[in-house]
Amino acid sequence: HFPGLVQLPLLRDVRECRQVEEVVAAERPEIVFHAAALKHLPMVEANPLEGVLTNIVGSRNVAEAARASGAALVVMISTDKAVNPTSVMGATKRLAESFCQALDLYEARRGAAYGQGTRYVTVRFGNVLGSTGSVVPLFARQLTAGGPLTVTDPEADRFFMTVREAVELVLQASALSPAPETTDARGKIFVLDMGEPVKIVDLARQMIRLAGLRIERDIKIEFIGLRPGEKLHEELFHPAEPLMPTANPAIRLAAPRTADYAMLARAIDELEDNARSRREERVLQLLERLVPEYRRSTPGSRAAAASVG
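Residue 177 in the working numbering sits at position 173 of the sequence shown, and the numbers go up by one each step.
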């Protein structure tokens, strides 16, 4: 849509602080959109150290590099799986949210009241229809192969948003984010009103019908059970996050459960040290301490996730 836009593709590792700092310092962006993450739930469940390094340490690296370079705004992309997480992926995204919220509040208190300092905004996505790894492309492939369409549980449901809605949420969150001097409105999470959640089995049935096929006669639906770390129902907000309206009635703000920036910075340093030293049990213990609502799956079910696509 923007053929005249200058693009500079660079391949860097978000987990390596020096690489992130060098790029951000060289380009000096005004706005940073942080979307780099490991989001495949079973894969992160089976490889928690990689999830911690990418989703938590990587987010810390981007956030701190943006502040050091004088960026005006950082927009971090999060997920509804960060709310009351039952998976490693959800817990890592929740801690990344907490860090950005804490850093935003810290910047406000540190003297950003005169238009200086970096603002940090988090946006929570539901399931983006058609995105890589989402259920719609999976069902399409299974339809092409003659089935069956695999559904975890008859009662499983999810919040869905289109790619356009996802992009608009990010852009509007950037525009709606509070000015530096409004310290009482800092550290918020933006969430799109996605309506009622959709049952995955209903989506499967609809896709079979749209393909001109008959359910069970032409294409079967197979229930395979919840994967390790998965929930029957996702949530958009934590009960401790009071909701606030925005200028856009379709977008709401969640007030943060505040955490101390210095404490989180030290904790992430400890997480990084243990993750790079491959001390998995210690890393999971730290995650449970830092995200109290997180309840990890058993070692056996987590190991089984390694074989689940």
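Every residue gets a Cβ at the ideal spot worked out from N, C-alpha and C, and that includes glycine. All values reported here derive from a predicted model rather than from experimental measurement.
Buried or exposed by the 16-neighbour rule on C-beta atoms within 10 Å, applied to residue i
i, result
"H38", "buried"
"G121", "buried"
"A149", "exposed"
"P296", "exposed"
"K224", "exposed"
"M248", "exposed"
"F143", "buried"
"Q210", "exposed"
"L175", "exposed"
"L9", "exposed"
"P7", "exposed"
"E285", "exposed"
"D84", "buried"
"R306", "Low local confidence applies: a pLDDT of 49 at R306 is under 50, so the model's placement there is unreliable, and no value is given."
"R162", "buried"
"V167", "exposed"
"A244", "exposed"
"P46", "buried"
Among the options, the one whose alpha carbon lies nearest that of residue i
i, options, result
"R190", "M198, D197, R32 and A177", "A177"
"M267", "E245, G134 and L294", "L294"
"S91", "Q146, V202 and K43", "K43"
"L99", "A69, R123 and G62", "G62"
"F315", "G94, R114, Y124 and V87", "The structure shown does not extend to residue 315, since the chain is modelled only from 5 through 313, so no value can be given for it."
"Y110", "R282, N278 and D264", "D264"
"E200", "G130, A258, L275 and E226", "G130"
"L322", "E34, A40 and R114", "The chain is shown from 5 up to 313; residue 322 falls before or after that span and cannot be answered."
"E220", "Y298, V167 and G151", "G151"
"L53", "Y298, N278 and R299", "N278"
"T250", "A259, E34 and G134", "A259"
"G134", "V78, E34, L207 and D197", "L207"
"R218", "L147, A112 and Y298", "L147"
"S82", "G74, L173 and Y298", "L173"
"E34", "P89, P13 and V78", "V78"
"M198", "G216, A215, R128 and R280", "R128"
Residue i: CB within 8 angstroms of a non-hydrogen atom of the ligand NAP
i, result
"Q105", "In terms of ligand content, the structure shown is empty, and the ligand NAP therefore cannot be addressed."
Distance, residue j Cα to residue i Cα
i, j, result
"H237", "A160", "6 angstroms"
"N252", "V140", "28 angstroms"
"P184", "A76", "Summary for P184: the model assigns pLDDT 48, below 50, so the residue's position carries little reliability, and this model does not support an answer."
"I255", "L180", "10 angstroms"
"V132", "A70", "27 angstroms"
"G229", "V287", "28 angstroms"
"A170", "E101", "18 angstroms"
"K192", "Q11", "30 angstroms"
"P158", "F227", "7 angstroms"
"A50", "R282", "13 angstroms"
"R145", "I272", "39 angstroms"
"P246", "T126", "15 angstroms"
"E274", "C21", "15 angstroms"
"E26", "I60", "19 angstroms"
"R32", "R64", "17 angstroms"
"R270", "D108", "17 angstroms"
"G74", "R113", "17 angstroms"
"T136", "A215", "21 angstroms"
C-beta atoms of residue i and residue j nearer than 9 angstroms
i, j, result
"V28", "T58", "no"
"A67", "M80", "yes"
"F241", "V195", "yes"
"S301", "P232", "yes"
"T96", "L291", "yes"
"V155", "V205", "yes"
"V87", "E234", "no"
"I212", "L257", "no"
"M93", "V24", "no"
"V36", "E276", "no"
"A30", "T262", "no"
"P89", "Y298", "yes"
Beta carbon proximity, residue i to chain D, threshold 9 angstroms
i, result
"R168", "Protein chains in the displayed structure number just one, and chain D is not present."
Every unbroken alpha helix (DSSP H) inside the region 180-268 [4 residues or more] = 204-214
Counting only runs of 4+ residues fully inside the region 17-44, write out the alpha helix (DSSP H) ranges in chain order.
-> 21-31
What beta strand (DSSP E) runs, 3 residues minimum, are completely inside the region 137-187?
-> 153-155
Enumerate, from N- to C-terminal direction, the unbroken alpha helix (DSSP H) stretches of 4 or more residues contained entirely within the region 104-128.
-> none
What runs of the alpha helix (DSSP H), each 4 residues or longer, lie entirely inside the region 44-72?
-> 45-50 and 52-55
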